[in-house]
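The sequence shown begins at 12 in this note's numbering and counts up one residue at a time. Accompanying notes for the structure given below.
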Amino acid sequence: MNVFTGTVEFRTVPFDHPDAVKLIDAVQQEYVTRYGDPDITPVDPVEFAPPGGIFLVGYAEGTPAVCGGWRAHDDPEPPLAPGDAEMKRLYVVPAMRGRGFARRMLAELERSAREAGRTRMVLETGEKQPEAIALYRSSGYETMPKFGVYANEPLSLCLAKTL
């Protein structure tokens with residue numbers, strides 16, 4: 012269990028805000044390290060603008076430390092359902108890991124999605140991200156049918172949680 016050692020301040024920012032871009036680039040490099048390629052899921056920055064989505068950057072010690080966002084799915088293809096919010100780009104910089112920032116970001120994303128009327132949070136992760144899988148499982152996420160560009164990828168894992 013993580014012990015919260017430090018504070019983090021969450022700010023809603025545009026998906027293309029410089030601090031968001033810095034963290035998104037870092038998470039994409041993490042995917043390259045683990046899988047050999049960046050995430051190729053189509054992403055439009057407009058999808059992460061309220062009220063149809065949100066993107067958050069968490070600042071610790073005055074620097075961007077954690078990010079994450081969600082986008083609404085109101086007319087999706089199954090197994091996605093109307094009311095779903097898809098989480099994207101949850102990431103903590105290596106120097107700030109172990110402080111509970113990912114768990115706090117996850118809770119804030121769930122809270123904001125629930126307040127926006129979303130009924131379920133869904134996400135796609137990969138088997139080479141055991142830390143992420145452990146976080147999601149311990150937070151109540153359960154396996155769901157695969158969706159998106161990685162639906163036929165053996166290392167893909169899709170998870171969902173009712174909000």
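For every residue, glycine included, the Cβ atom is placed at its ideal position computed from N, Cα and C.
Closest Cα partner of residue i within the set the options
{"i": "T136", "options": "D85, P25, T23 and I51", "result": "I51"}
{"i": "S100", "options": "R45, L67 and Y152", "result": "The question names Ser, but residue 100 is Arg in the sequence shown. Closest option to R100, Cα to Cα, is L67."}
{"i": "F59", "options": "D86, P90, Q40 and E97", "result": "E97"}
{"i": "E41", "options": "G63, V104 and P87", "result": "V104"}
{"i": "P25", "options": "D48, P62, P53 and P49", "result": "P62"}
{"i": "L117", "options": "Y152, P87, C169 and V54", "result": "Y152"}
Local Cβ density within 10 Å of residue i, reported as buried at 16 or more and exposed below that
{"i": "T173", "result": "exposed"}
{"i": "S149", "result": "exposed"}
{"i": "A83", "result": "buried"}
{"i": "V57", "result": "exposed"}
{"i": "I43", "result": "In the sequence on display, residue 43 carries Val and not Ile. V43 is exposed by the Cβ-count criterion."}
{"i": "G79", "result": "buried"}
{"i": "N13", "result": "Note that N13 has pLDDT 37, beneath the 50 cutoff, so the model's placement of it is unreliable and no number is given."}
{"i": "R45", "result": "exposed"}
Close Cβ partners of residue i (< 7 angstroms) along its chain, the five nearest in sequence each way excluded
{"i": "F15", "result": "Note that F15 scores 45 on pLDDT, short of 50, meaning its location in the model is unreliable and no value can be drawn from it."}
{"i": "E121", "result": "M132 and L174"}
{"i": "P75", "result": "D30, K33, L34 and V68"}
{"i": "I65", "result": "T23, F59, G80, W81 and S123"}
{"i": "A162", "result": "none"}
Identified DSSP bridge partners for residue i
{"i": "S167", "result": "G137"}
{"i": "P75", "result": "Y70"}
{"i": "T154", "result": "L170"}
{"i": "F21", "result": "G69"}
{"i": "G111", "result": "None, per the DSSP bridge assignment."}
{"i": "K99", "result": "G80"}
{"i": "M132", "result": "A96 and K172"}
{"i": "G64", "result": "R82"}
Short Cβ contact (8 angstroms threshold) for residue i with residue j
{"i": "V19", "j": "V77", "result": "yes"}
{"i": "Y102", "j": "V38", "result": "yes"}
{"i": "A124", "j": "W81", "result": "yes"}
{"i": "L91", "j": "F158", "result": "yes"}
{"i": "Q17", "j": "A106", "result": "Position check: residue 17 holds Gly in this sequence, whereas Gln was assumed. Their beta carbons are not under 8 angstroms apart, which means G17 does not touch A106 by this criterion."}
Sequence-distant residues of its chain with Cβ nearer than 6 angstroms to residue i (five each side left out)
{"i": "A171", "result": "R131, V133 and M155"}
{"i": "D95", "result": "H84, R131 and V133"}
{"i": "P165", "result": "none"}
{"i": "A143", "result": "T136"}
Sequence-distant residues of its chain with Cβ nearer than 8 angstroms to residue i (five each side left out)
{"i": "D27", "result": "P56"}
{"i": "R129", "result": "W81, A83, G94, D95, A96 and L174"}
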